[in-house]
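Peer 1: With my numbering, the residue at position 74 of the sequence shown is 692, and numbering never jumps.
We put the beta carbon where it would ideally sit given N, CA and C, even for glycine.
Dropping the structure in here first, questions after.
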Amino acid sequence: MVTYDKTEGMLRIFVNGIPIDDRSVTGDITTSTGAVYIGGNQFWGRDHFNGRIDNVRLYNRSLNIVEVQTNQATPVQ
Numbered sequence: 619m620v621t622y623d624k625t626e627g628m629l630r631i632f633v634n635g636i637p638i639d640d641r642s643v644t645g646d647i648t649t650s651t652g653a654v655y656i657g658g659n660q661f662w663g664r665d666h667f668n669g670r671i672d673n674v675r676l677y678n679r680s681l682n683i684v685e686v687q688t689n690q691a692t693p694v695q
């Protein structure tokens with residue numbers, strides 16, 4: 619999982635609910651009103667993930683460490 623908190627200027631990378639890296643980052647994340655593609659994209663038909671993707675969650679805000687760890691332990695409904 620990756621979170622970005624613009625207020626803190628911090629991008630954090632988590633693996634299995636554990637923070638493994640963080641970076642100081644500035645600026646906005648590029649947004650779009652288009653469709654979200656997970657495991658592929660609309661432009662290159664050959665770039666699709668060949669496997670299973672599980673437990674996808676999208677948020678419109680940055681999660682804190684406790685929320686990330688809670689989500690890690692809670693099944694998607």
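By DSSP's criteria, residue 647 is part of a beta bridge. Which residues make up the other side?
Peer 2: If you number the sequence shown from 1, residue 647 lands on position 29. DSSP, once it has assigned bridges, lists no residue as partnering residue 647.
Peer 1: Using DSSP with H/G/I as helix, E/B as strand and the rest coil, what is residue 633?
Peer 2: For this step, residue 633 is matched to residue 15 along the sequence shown. DSSP places residue 633 in strand when its eight states are reduced to three.
Peer 1: Excluding five sequence neighbours on each side, which residues of the same chain lie with their C-beta closer than 6 Å to the C-beta of residue 637?
Peer 2: In the sequence shown, the residue the question calls residue 637 occupies position 19. These residues qualify, in order along the chain: 630.
Peer 1: So, using beta-carbon positions, are residue 687 and residue 635 closer together than 8 Å?
Peer 2: Walking along the sequence shown from the start, residue 687 turns up at place 69. Walking along the sequence shown from the start, residue 635 turns up at place 17. Their beta carbons are under 8 Å apart, which means residue 687 touches residue 635 by this criterion.
Peer 1: Between the Cα of residue 675 and those of 656, 684, 666, spot the shortest distance and give me the residue it belongs to.
Peer 2: Numbered from 1 along the sequence shown, position 57 holds the residue referred to as residue 675. For residue 675, the nearest C-alpha among the options comes from 656.
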